[in-house]
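Visitor: Take a look at the following structure, please.
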């Protein structure tokens, strides 16, 4: 495997985080509801993975994107 290859687990997490971003922008669902819908162990687990990837919590991301008009 080269350095750009992802494990299946990494691919699945990335896919779920992508869906979480979409849901944060297009729905009023709570972070807890989004976490449960996407199969994360908890809202806190989603939050920590989200922050690792985005540099923001899910709530901060939602607020920032709304302020930017997205």
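In the numbering used here, the protein residues as written are 117 to 186. Positions of the beta carbon are idealized from the N, C-alpha and C atoms, including for glycine.
#1: Taking the alpha helix (DSSP H) that residue 159 belongs to, which residues open and close that run?
#2: Classify residue 126 as helix, strand or coil using the three-state DSSP reduction.
#3: Give the DSSP-derived three-state secondary structure of residue 131 in the structure shown.
#4: Classify residue 146 as helix, strand or coil using the three-state DSSP reduction.
#5: Look at the Cβ atom of residue 139, then the Cβ atom of residue 150, and state whether they are nearer than 8 Å.
Guide: In brief:
#1: Looking at the DSSP string, the run of the alpha helix (DSSP H) that includes residue 159 is 159-170.
#2: Under the three-state reduction of DSSP, residue 126 is assigned to helix.
#3: Looking at residue 131 - three-state DSSP - the assignment turns out to be helix.
#4: Coil.
#5: In contact: residue 139 and residue 150 (Cβ atoms closer than 8 Å).
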